[in-house]
Amino acid sequence: MSAWTRRLRAFFGIEYALMLTYRAEILLWAIATCLPLIMLGVWTQAAESGDFVHGPAWMARYFIAVFLVRQVTIVWVIHHFEYLVVSGRLSPQLLLPVDPVWRYAVAHLAEQACRIPIVAVMLVGCLLLFPAAWRGDATVGPWVPGWGALVGGALACMAAFTLRFLLQYTFGLFAFWLERVAAVHELVYLLILFLSGMVAPLEVFPAAARDAVLWTPFPWLVWFPAKLMMGEPAPVLRGFVTLGVWIVALAVVNRVVWIRGLKHYSAMGA
Amino acid sequence: MSPGASYDGCVPSIVVDNLSKTYRVADKDPGLRGAVRHLLRRQHREVKAVRGVNLVIEPGEVVGFLGANGAGKTTVMKMLTGLVHPTAGRVEVLGHEPKRRRAALLRQITLVMGNKQQLVWDLPAGDSLRLNAAVYGIPDTEAKRRTDELCEVLGLGRDKELSQPVRKLSLGQRMKCELVAALLHHPKVLFLDEPTLGLDVNAQTAVRDFVGRYNAQHGASVLLTSHYMADITALCKRVVVIHRGQIHFDGPLDDLTTRFAPERQVRVELAEPVGAQGLSAYGVVESVDGRAATLRVPRDSVPAAVNRLLSDHRVVDLTVADAPIDEVVEKLFAHADAQGDTHADTPPDAGLAEPRP
Amino acid sequence: MRRYFKTLGLFWAVSVSAEMAYRTNFLITSLTTLLTLAGALFTIGLLFQNGHTPGGYSWPAALTVLGVYTLLDGLQQSLLAPNRTALTEHVRDGTLDFVLLKPVDAQFWMSMRRFSPWGLTDVAAGLGLLGYAGWRLEISPLGALSGGVAVVLGGVILYAVGFMLATLTVWFVKLYNITIAMAALLEAGRYPIQAYPAVYRTFFTAVLPVAFMTSVPAAALRGEAGAGWLLGLAVVSGGLFAASCAFWRFALRFYTSASS
Numbered sequence: 405m406s407a408w409t410r411r412l413r414a415f416f417g418i419e420y421a422l423m424l425t426y427r428a429e430i431l432l433w434a435i436a437t438c439l440p441l442i443m444l445g446v447w448t449q450a451a452e453s454g455d456f457v458h459g460p461a462w463m464a465r466y467f468i469a470v471f472l473v474r475q476v477t478i479v480w481v482i483h484h485f486e487y488l489v490v491s492g493r494l495s496p497q498l499l500l501p502v503d504p505v506w507r508y509a510v511a512h513l514a515e516q517a518c519r520i521p522i523v524a525v526m527l528v529g530c531l532l533l534f535p536a537a538w539r540g541d542a543t544v545g546p547w548v549p550g551w552g553a554l555v556g557g558a559l560a561c562m563a564a565f566t567l568r569f570l571l572q573y574t575f576g577l578f579a580f581w582l583e584r585v586a587a588v589h590e591l592v593y594l595l596i597l598f599l600s601g602m603v604a605p606l607e608v609f610p611a612a613a614r615d616a617v618l619w620t621p622f623p624w625l626v627w628f629p630a631k632l633m634m635g636e637p638a639p640v641l642r643g644f645v646t647l648g649v650w651i652v653a654l655a656v657v658n659r660v661v662w663i664r665g666l667k668h669y670s671a672m673g674a
Numbered sequence: 506m507s508p509g510a511s512y513d514g515c516v517p518s519i520v521v522d523n524l525s526k527t528y529r530v531a532d533k534d535p536g537l538r539g540a541v542r543h544l545l546r547r548q549h550r551e552v553k554a555v556r557g558v559n560l561v562i563e564p565g566e567v568v569g570f571l572g573a574n575g576a577g578k579t580t581v582m583k584m585l586t587g588l589v590h591p592t593a594g595r596v597e598v599l600g601h602e603p604k605r606r607r608a609a610l611l612r613q614i615t616l617v618m619g620n621k622q623q624l625v626w627d628l629p630a631g632d633s634l635r636l637n638a639a640v641y642g643i644p645d646t647e648a649k650r651r652t653d654e655l656c657e658v659l660g661l662g663r664d665k666e667l668s669q670p671v672r673k674l675s676l677g678q679r680m681k682c683e684l685v686a687a688l689l690h691h692p693k694v695l696f697l698d699e700p701t702l703g704l705d706v707n708a709q710t711a712v713r714d715f716v717g718r719y720n721a722q723h724g725a726s727v728l729l730t731s732h733y734m735a736d737i738t739a740l741c742k743r744v745v746v747i748h749r750g751q752i753h754f755d756g757p758l759d760d761l762t763t764r765f766a767p768e769r770q771v772r773v774e775l776a777e778p779v780g781a782q783g784l785s786a787y788g789v790v791e792s793v794d795g796r797a798a799t800l801r802v803p804r805d806s807v808p809a810a811v812n813r814l815l816s817d818h819r820v821v822d823l824t825v826a827d828a829p830i831d832e833v834v835e836k837l838f839a840h841a842d843a844q845g846d847t848h849a850d851t852p853p854d855a856g857l858a859e860p861r862p
Numbered sequence: 209m210r211r212y213f214k215t216l217g218l219f220w221a222v223s224v225s226a227e228m229a230y231r232t233n234f235l236i237t238s239l240t241t242l243l244t245l246a247g248a249l250f251t252i253g254l255l256f257q258n259g260h261t262p263g264g265y266s267w268p269a270a271l272t273v274l275g276v277y278t279l280l281d282g283l284q285q286s287l288l289a290p291n292r293t294a295l296t297e298h299v300r301d302g303t304l305d306f307v308l309l310k311p312v313d314a315q316f317w318m319s320m321r322r323f324s325p326w327g328l329t330d331v332a333a334g335l336g337l338l339g340y341a342g343w344r345l346e347i348s349p350l351g352a353l354s355g356g357v358a359v360v361l362g363g364v365i366l367y368a369v370g371f372m373l374a375t376l377t378v379w380f381v382k383l384y385n386i387t388i389a390m391a392a393l394l395e396a397g398r399y400p401i402q403a404y405p406a407v408y409r410t411f412f413t414a415v416l417p418v419a420f421m422t423s424v425p426a427a428a429l430r431g432e433a434g435a436g437w438l439l440g441l442a443v444v445s446g447g448l449f450a451a452s453c454a455f456w457r458f459a460l461r462f463y464t465s466a467s468s
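Chains as they are written, first to last, in my numbering: chain S, 405 to 674; chain D, 506 to 862; chain P, 209 to 468.
See below:
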């Protein structure tokens, strides 16, 4: 076992144990991320009328997929990092021979692992409540995701998580200079919320709005992985290229800001 | 003496009758496996933090409350203030049951904790004082008069310490401001939990003098815990010693010394050095440093030993003192432990019941 | 009573002066309010495409629901959330001791102690929406008045549910996500209750009273709420408020005042 895997395993062990002690918190988190389920209700009900391009079965399936994507791409590093900087608890972490980003990333995975049981229960509940989502109806066939959908969906989710993490962490690094970076990042989150397909599928956007939004990174974070999971045709190449380019660009920016931030932090007397 | 009995017909400030508190604490093995196992099958054990405590404190009395960390001091104090609800037993403070937290009682008591603060960290202490005045319904002019009075005694300036954000004050200044905030409503019962914690000697003395003065002026009862024995000896005529949740001593401070420190310390400075060998004839030699030596002599034989010392050697200086009170208390605990198969059910780390910050 | 008002005045003056140190916050919160409002209007606009009327609501009627939601969201940010955070902090640091020893009702203190001016932009946006919708729907002053009372009752429900959640900190100590969870629950109130499927309607009425927070007060404003709904609103809000008081007193029995 290499030193790296040992390290990451140790991180995971401690973070998982820590997260288990916060299980009440994590339950609240799971509730906090139910927005797709709220929208599931609104849009299936709206689609019943037949006024929209897709029927209720498709809508239910879409929002269940969005719910799953949302659950595996939850990121909270900015709040954690802001707290560490403001409270001065970052300093001891900087003395360790490992970049703390690994610790934060592993903590997210541990938190997701803790959330699995809650998510599973909610997922089963949704599938029971909306059987048309997997059975299909007159307009869509049954939901039988093939290998392509599973692998593609999983990869897209990982890429979306990475991008979300980098985006938040990069914003978080500005805590070295600014107060309340989390509040600033909230603005970015609002764009993700309304433009990623979380509150409404891109299919019901007016054509011009849809085309414009596809040039932003947002729909690729939610709408794209959800479409892949549904086994629906999606712009696969464009999706992964967009995600990849943003990830690389943000990683570079992140490192630059990190190095400068550390200089500034130590100059302030950490 | 039965609880509730009163001296001279006056009503006691505090009556505690057979008070007990049992905490349930979760047992958890370390590590991932421990965490998961704890999640699946929770294991608890009961920790008896306070067991059958009886106590009566009269108006105007200053009582020192001694005990090691986790002995149950803070738990008792929190039950007396109504913050922690007793598992069994009765508490009465100024005729009220504290856990009901009636305003009539709360207006007459106060709690000062050396490790916690009520002043708002980012604002000047003066703002917190104004807030307290409003909370206790003290008219503005009266509040101002009391603030000035308290500040004068403590050496705080209205335009200096009181108008700076609390975070900018030194620990000593901060504690003085805490005291002003805690006493602004002129409480009749003061609960002081380690009020001198971490203060330098000057600030400690100032706080101590201030508490003594307040007690004398207002006839308030004071229950004081402190790790600094100087606080206890300066302020308290009576001490209560709690160990593992039970009271082991309740009486005058002097009795504590005579009972648990039957020896006194004799310090001599001689004209020429005499070895430890030569001095052992007079008592147990604690230390010898050149011409100075410290001996331990049983209380009764002190006069004889001193007489012989004076006649056998040329003595430059000689003092007789009681053993330091911390040592006395330590001895008392050892004594209690030796006695005590009665507390076999309390694990040695019962202090966990009062998690420290 | 006068003492309470005086205390409250001091509380808020102190909080506001502390918050004023972060002046850029005004810019950030204004932008957040505008963006949230734009996003919400966009989303509801999507629902009104192709002649669709969600839950049979007209556009201005849907705006009354969004208006009440935005108003309550502002209330949450200004008053409810800061105090919930303060409660968890007080429990964690053990400084709740000092609050409990004050001769002021501890629940009042813990619910009103802090006030953040930054939710006021949302309150203003909510009032603006309601004003516009009221003008379009030609709501009478009397309707507005009774609607106002209903909105207050909706706010009481939001407060009571949040306060009960925050009271859980006495046992769990770490509960920082309450605010996020509460915001997410309230989120369901952005859309008219009739726009949801039957199961959701039952859930949001009987289990989690979101319908009573936004849809019912909005209906009262439009003068469309039936007597049954208004009675339900009064009962739910009174009951939950009483429950929050009882639960708080119950929890204090278990408060061990962490750290010696």
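Don't be surprised by glycine CBs; every beta carbon is placed ideally from N, CA and C. Because the structure is a prediction, the values reported are computed rather than measured.
Check: First through last residue of the beta strand (DSSP E) which encompasses Tyr-528 (chain D); Outcome: 519 to 532
Check: Between the CA atoms of Cys-438 (chain S) and Gly-253 (chain P) - distance to the nearest angstrom; Outcome: 22 Å
Check: Distance between Thr-272 (chain P) and Leu-400 (chain S) (C-alpha atoms, nearest Å); Outcome: Any question about residue 400 (chain S) goes unanswered here, given that chain S covers just 405 to 674.
Check: Phe-569 (chain S) beta carbon less than 8 Å from that of Val-479 (chain S); Outcome: yes
Check: Any alpha helix (DSSP H) of 4 or more consecutive residues that is wholly inside the stretch 566 to 595 of chain D; Outcome: 578 to 585
Check: Amino acids of chain D, ordered along the chain, whose beta-carbon sits closer than 9 Å to that of Leu-335 (chain P); Outcome: None at all; the shortest Cβ gap to chain D is about 31 Å.
Check: Met-423 (chain S) burial status per 10 Å Cβ neighbour count (16 or more: buried); Outcome: buried
Check: Chain-order list of residues whose beta-carbon lies under 6 Å from that of Met-734 (chain D) (same chain, five-residue window excluded); Outcome: Ile-830, Asp-831
Check: Beta-carbon neighbours of Val-625 (chain D), restricted to chain P and to distances below 9 Å; Outcome: Val-222, Ala-226
Check: Secondary structure, alpha helix (DSSP H): runs of 4+ residues fully inside the stretch 614 to 678 of chain D; Outcome: 630 to 640, 645 to 659
Check: Host beta strand (DSSP E) of Lys-553 (chain D) (start-end); Outcome: 548 to 562
Check: Within chain P, the residues that Pro-628 (chain D) reaches when beta carbons sit closer than 9 Å; Outcome: The sequence shown places Leu at residue 628 (chain D), rather than the Pro named in the question. The contacting residues are Val-222, Ser-225, Ala-226.
Check: Span of the beta strand (DSSP E) around Glu-768 (chain D); Outcome: 768 to 775
Check: Selection of the stretch 310 to 335 of chain P by Cβ proximity to chain D, strictly under 9 Å; Outcome: Lys-310, Pro-311, Val-312, Asp-313, Ala-314, Trp-317
Check: Any chain P beta carbon closer than 8 Å to Arg-635 (chain D); Outcome: yes
Check: Neighbour list for Phe-598 (chain S) in chain P, Cβ cutoff strictly below 7 Å; Outcome: Gly-247, Phe-250, Thr-251
Check: DSSP-derived helix/strand/coil call for Ser-726 (chain D); Outcome: strand
Check: Contacting residues, own chain, Cβ-Cβ under 6 Å from Val-708 (chain D) (five flanking each side not counted); Outcome: The sequence given here has Ala at residue 708 (chain D), not Val. For Ala-708 (chain D), where only same-chain residues beyond five positions count, the Cβ hits under 6 Å are Gly-677.
Check: Presumed contact (8 Å Cβ cut-off) between Ile-430 (chain S) and Cys-518 (chain S), rounded CB distance; Outcome: 5 Å
Check: Residues bridged to Asp-827 (chain D) (per DSSP); Outcome: D:Arg-769
Check: Local conformation of Thr-799 (chain D) per DSSP, three classes; Outcome: strand
Check: Counted within 10 angstroms of its Cβ, other Cβ atoms place Met-634 (chain S) as buried (16 or more) or exposed; Outcome: buried
Check: For Phe-696 (chain D), the three-state DSSP class (helix, strand or coil); Outcome: strand
Check: Nearest residue (CA-CA) to Arg-465 (chain S), options S:Gln-475, S:Pro-440, S:Val-489; Outcome: S:Pro-440
Check: Residues that Ala-396 (chain P) contacts on chain S, provided the C-beta gap is smaller than 7 Å; Outcome: Ile-442
Check: Straight-line gap, Lys-665 (chain D) to Leu-689 (chain D) (C-alpha atoms, nearest Å); Outcome: 19 Å
Check: Buried versus exposed call for Ile-663 (chain S) [16 or more other C-beta atoms within 10 Å across all chains shown]; Outcome: exposed
Check: Arg-461 (chain P): contacting residues in chain D (beta-carbon distance under 9 Å); Outcome: His-590, Lys-604
Check: Rounded distance between the beta-carbons of Thr-251 (chain P) and Val-603 (chain S), thought under 8 Å; Outcome: 5 Å
Check: Beta-ladder partner(s) of Ser-792 (chain D), from DSSP; Outcome: D:Thr-799
Check: Residue-level contact to chain D via CB, Asp-281 (chain P), 8 Å cutoff; Outcome: no
Check: Contact with chain P by Thr-851 (chain D), beta-carbon distance below 8 Å; Outcome: Residue confidence for Thr-851 (chain D) is low, a pLDDT of 39 falling below 50, so the modelled location carries little weight; the figure read from the coordinates is stated next. No, its Cβ sits nowhere closer than 8 Å to a Cβ of chain P.
Check: Under 7 Å from the C-beta of Val-407 (chain P): neighbouring residues of chain S; Outcome: Leu-533
Check: Minimum Cβ-Cβ distance from Arg-651 (chain D) to chain P less than 8 Å; Outcome: no
Check: Per-residue burial, Glu-551 (chain D) [other beta carbons within 10 Å of its own, 16 or more giving buried]; Outcome: exposed
Check: From D:Val-671, D:Gly-795, D:Leu-684, D:Leu-837, residue whose alpha carbon lies closest to that of Thr-652 (chain D); Outcome: D:Leu-684
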